[in-house]
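Asks: Those protein sequences? They're chains A and B, same order as listed.
For the first sequence, the working numbering begins at 1 and goes up steadily by one.
For the second sequence, the working numbering begins at 269 and goes up steadily by one.
Protein chains: 2
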Amino acid sequence: VAHIIIVGNEKGGAGKSTVSMHVATALSRSGYRVGALDLDLRQKTMGRYLENRLAFCLREGFDLPTPEYRELPDIDPKDLAEGENIYDRRLSMAVSSLEESCDFILIDCPGSHTRLSQVAHSLADTLITPMNDSFIDFDLLARVDPETNKILGPSVYAEMVWSARQLRATAGLKPIDWVVLRNRLGAQNMHNKKKIGDAMEDLSKRIGFRVSPGFSERVIFRELFPRGLTLLDLKEIGVKNALNISNVAARQELRDLMKTLDLPGVEL
Amino acid sequence: VAHIIIVGNEKGGAGKSTVSMHVATALSRSGYRVGALDLDLRQKTMGRYLENRLAFCLREGFDLPTPEYRELPDIDPKDLAEGENIYDRRLSMAVSSLEESCDFILIDCPGSHTRLSQVAHSLADTLITPMNDSFIDFDLLARVDPETNKILGPSVYAEMVWSARQLRATAGLKPIDWVVLRNRLGAQNMHNKKKIGDAMEDLSKRIGFRVSPGFSERVIFRELFPRGLTLLDLKEIGVKNALNISNVAARQELRDLMKTLDLPGVEL
Ligand SMILES: Nc1ncnc2c1ncn2[C@@H]1O[C@H](COP(=O)(O)OP(=O)(O)OP(=O)(O)O)[C@@H](O)[C@H]1O
Ligand SMILES: Nc1ncnc2c1ncn2[C@@H]1O[C@H](COP(=O)(O)OP(=O)(O)OP(=O)(O)O)[C@@H](O)[C@H]1O
Ligand SMILES: [Mg+2]
Ligand SMILES: [Mg+2]
Numbered sequence: 001v002a003h004i005i006i007v008g009n010e011k012g013g014a015g016k017s018t019v020s021m022h023v024a025t026a027l028s029r030s031g032y033r034v035g036a037l038d039l040d041l042r043q044k045t046m047g048r049y050l051e052n053r054l055a056f057c058l059r060e061g062f063d064l065p066t067p068e069y070r071e072l073p074d075i076d077p078k079d080l081a082e083g084e085n086i087y088d089r090r091l092s093m094a095v096s097s098l099e100e101s102c103d104f105i106l107i108d109c110p111g112s113h114t115r116l117s118q119v120a121h122s123l124a125d126t127l128i129t130p131m132n133d134s135f136i137d138f139d140l141l142a143r144v145d146p147e148t149n150k151i152l153g154p155s156v157y158a159e160m161v162w163s164a165r166q167l168r169a170t171a172g173l174k175p176i177d178w179v180v181l182r183n184r185l186g187a188q189n190m191h192n193k194k195k196i197g198d199a200m201e202d203l204s205k206r207i208g209f210r211v212s213p214g215f216s217e218r219v220i221f222r223e224l225f226p227r228g229l230t231l232l233d234l235k236e237i238g239v240k241n242a243l244n245i246s247n248v249a250a251r252q253e254l255r256d257l258m259k260t261l262d263l264p265g266v267e268l
Numbered sequence: 269v270a271h272i273i274i275v276g277n278e279k280g281g282a283g284k285s286t287v288s289m290h291v292a293t294a295l296s297r298s299g300y301r302v303g304a305l306d307l308d309l310r311q312k313t314m315g316r317y318l319e320n321r322l323a324f325c326l327r328e329g330f331d332l333p334t335p336e337y338r339e340l341p342d343i344d345p346k347d348l349a350e351g352e353n354i355y356d357r358r359l360s361m362a363v364s365s366l367e368e369s370c371d372f373i374l375i376d377c378p379g380s381h382t383r384l385s386q387v388a389h390s391l392a393d394t395l396i397t398p399m400n401d402s403f404i405d406f407d408l409l410a411r412v413d414p415e416t417n418k419i420l421g422p423s424v425y426a427e428m429v430w431s432a433r434q435l436r437a438t439a440g441l442k443p444i445d446w447v448v449l450r451n452r453l454g455a456q457n458m459h460n461k462k463k464i465g466d467a468m469e470d471l472s473k474r475i476g477f478r479v480s481p482g483f484s485e486r487v488i489f490r491e492l493f494p495r496g497l498t499l500l501d502l503k504e505i506g507v508k509n510a511l512n513i514s515n516v517a518a519r520q521e522l523r524d525l526m527k528t529l530d531l532p533g534v535e536l
């Protein structure tokens, strides 16, 4: 049965859709069968990213490995069981339509608190939480003492993950492997990096997540969306500068993330 | 009557709360009476930022100029008029409680599409829309042709602003002064900057907004949240390095934004 990867963080702009697209495409490029769902029904950043990819391949005559994107099916409310939530049904139908044919299902969550996102977190075999290296982003994971930066207690998002974990434990499912990824790391700012790093270390022991080596701030993550490309595709499509220093370093960061995820059966 | 400044963008992580905090505090520091509302009722980034500021001043014995933050009042649903939306009432009560005593009311919106955010946009005298310098963020303003980067048409957020403008026109109110701010600009990446810049120029003429000089990517925007400080406060509280090169440049960027906003009666 497919291994389910959820990419979530209630904080907006942490890098969920960017990470989703890169992890899903990296798995496709390694030959795995990958399904993709986008639970941000209005923005559909990952959905549009994958649509742009298919349009680019059609237009330019490329055949790039591409995750299989599905919209959530429309359901007639009359078909729901008594008291069943329509979003729960739409999500479970989308997941089961991919489960047989895929090795992995990657689900991108919106940057807010929705029922779809909550239910998706309870389906997670692996949960990836990207966050900006900032105390504004950190505030949604945990409250810190402003003087000592010591953790005072978990915040709304950490509590939501906690209750997803409890749901799984009650249902006798495997625990969620929770990986937090520091994103948009600056080249300098050693002082802030250390403060955030220490707080992350402290928090990871208290609420149980693993910290992945991060992604640096790179323009390559901001310019490829219109063509649906990721940094791993550049060599294949023959882009000039595909392997400049920054892109080589970015590929290494993505490879490090894939190694940290330690997905079942994946050899990179 | 108070001038209402809305900071909005459906895209998560564009910099709304960061810009809200800096604009509101800059006005307070210039002696204006400023009210602040946070419509992201769960994350409350600006609300928490201002709470941290008050706690810091109390703890350290400072008296920093601080916008007056209000929570939306709780309403008994029985008190609503027939068919009235409870959020509309909560927002209009919060605004009118500040209108008499303030020169400016600054309202921070969530990074998603909510009723509160929609109504707030129709109250805007000035609308500030921060965005990351990225085609992922740009996609919520407009669709672009992947080959030519020409604008194909407005996206969901631009359409929402458009309908807020029409509501105001029908009600005989002043048009919204819409200012888009490029945020987290990198030091290099001239190629991507030019592509985004050209697309912004093209779009600003089609849908009618002004483009403000941007904010660069700076660690100062990520580290001061626990103490509720902004870069304008550093000199007053006697922080070492308050006026290093990056902070002096950041102060200039904030001043340029304030000039671009051209708020009634504000001389900087
Ligand atoms: N490592 C990076 N370097 C540079 N820019 C990045 C990086 N990661 C993400 N970005 C940019 O940051 C912005 C936010 O990223 P993204 O949209 O993936 O976040 P998100 O968490 O999915 O946001 P939302 O909450 O709206 O769903 C985008 O403009 C993206 O291009
Ligand atoms: N110019 C900047 N330089 C560096 N970091 C920045 C800058 N502007 C914002 N940030 C950081 O980017 C992240 C997103 O900013 P912020 O939370 O203000 O955005 P937002 O639009 O309010 O997000 P949301 O959609 O969650 O409400 C935060 O971690 C913040 O510290
Ligand atoms: Mg997203
Ligand atoms: Mg915000």
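We put the beta carbon where it would ideally sit given N, CA and C, even for glycine.
Name the chain B residues that come within less than 9 Å of serine 101(A), Cβ to Cβ?
Replies: Correct list: empty, because the minimum Cβ distance to chain B is about 29 Å.
Asks: Please classify aspartate 331(B) as buried or exposed, where buried requires at least 16 neighbouring CB atoms within 10 angstroms.
Replies: exposed
Asks: Looking at chain A, is there any beta carbon in it that lies within less than 8 Å of the beta carbon of arginine 357(B)?
Replies: no
Asks: Which residues of chain A have a Cβ atom closer than 8 Å to the Cβ of phenylalanine 483(B), listed in chain order?
Replies: Correct list: empty, because the minimum Cβ distance to chain A is about 14 Å.
Asks: Threonine 293(B): buried (16+ other C-beta within 10 angstroms of its C-beta) or exposed?
Replies: Its Cβ being crowded by 16 or more others within 10 Å, threonine 293(B) is buried.
Asks: Work out the CA separation of glutamate 68(A) and arginine 255(A) for me, nearest whole Å.
Replies: 22 Å
Asks: Taking isoleucine 274(B) and histidine 389(B) to be in contact with their CB atoms under 8 Å, please state how far apart those CB atoms are, rounded to whole angstroms.
Replies: Indeed they touch by this definition, with Cβ atoms about 6 Å apart.
Asks: For arginine 338(B), name the three-state secondary structure that DSSP assigns.
Replies: coil
Asks: Could you pull the DSSP bridge partners for isoleucine 273(B) from this structure?
Replies: Leu374(B) and Thr394(B)
Asks: Using 7 Å as the cut-off, classify the Cβ of serine 17(A) as near or not near the heavy atoms of ligand 1, replying yes or no.
Replies: yes
Asks: With a CB to CB cut of under 7 Å and the five nearest residues on each side skipped, what residues in its chain are close to aspartate 413(B)?
Replies: Excluding five sequence positions before and after aspartate 413(B), the CB atoms of its chain that fall closer than 7 Å to its own CB belong to Leu420, given in chain order.
Asks: Assign serine 480(B) to one of three DSSP states: helix, strand, or coil.
Replies: strand
Asks: Is there a Cβ from chain B that is less than 8 Å from the Cβ of asparagine 183(A)?
Replies: no
Asks: Ignore the nearest five residues each way along the sequence and tell me which others in serine 155(A)'s own chain have a CB closer than 7 Å to its CB.
Replies: Asp139, Leu140, Leu141, Ala142 and Arg143
Asks: Tell me which residue opens and which closes the alpha helix (DSSP H) that alanine 142(A) is part of.
Replies: DSSP places alanine 142(A) outside any alpha helix (DSSP H); the residue lies instead in the beta strand (DSSP E), whose first and last residues are 142 to 144.
Asks: Would you please verify whether the beta carbon of proline 110(A) is less than 8 Å from any beta carbon of chain B?
Replies: Chain B, which has a Cβ nearer than 8 Å to the Cβ of proline 110(A), makes this yes.
Asks: Pick helix, strand or coil for proline 65(A), following the three-state DSSP scheme.
Replies: coil
Asks: Expressed to the nearest angstrom, what Euclidean distance is found between the alpha-carbon atoms of glutamate 99(A) and isoleucine 105(A)?
Replies: 7 Å
Asks: With distances taken Cα to Cα, identify the nearest neighbour of glutamate 334(B) among Leu497(B), Val507(B), Arg383(B) and Phe403(B).
Replies: In the sequence as displayed, the identity of residue 334(B) is threonine instead of glutamate. Nearest C-alpha to threonine 334(B): Leu497(B).
Asks: Going straight from the alpha carbon of asparagine 192(A) to that of arginine 519(B), what length do you get?
Replies: For the pair asparagine 192(A) and arginine 519(B), the Cα-to-Cα distance works out to about 20 Å.
Asks: Do we get a CB-CB distance below 8 Å when we pair aspartate 401(B) with the residues of chain A?
Replies: yes
Asks: Answer yes or no: the CB of threonine 313(B) versus the heavy atoms of ligand 4, is any distance below 7 Å?
Replies: yes
Asks: DSSP three-state call for aspartate 445(B): helix, strand or coil?
Replies: Looking at aspartate 445(B) - three-state DSSP - the assignment turns out to be strand.
Asks: Between glycine 13(A) and alanine 282(B), how many whole angstroms is the CB-CB distance? I'm expecting something under 8 Å.
Replies: 6 Å
Asks: In chain order, what residues of the same chain have a beta carbon less than 8 Å from the beta carbon of isoleucine 75(A), not counting five sequence neighbours either side?
Replies: Ile86, Arg89, Arg90 and Met93
Asks: How about arginine 222(A): is its Cβ closer than 7 Å to a heavy atom in ligand 1?
Replies: yes
Asks: So does isoleucine 404(B) have its beta carbon nearer than 7 Å to some heavy atom of ligand 1?
Replies: yes
Asks: Report the residues of the region 486 to 501 of chain B with a CB closer than 7 Å to any CB of chain E, ordered along the chain.
Replies: In the structure shown, chain E cannot be found, because the protein chains are A and B.
Asks: Exposed or buried, what is arginine 321(B) when buried is set at 16 or more other beta-carbons lying within 10 Å of its beta-carbon?
Replies: Label assigned to arginine 321(B): buried.
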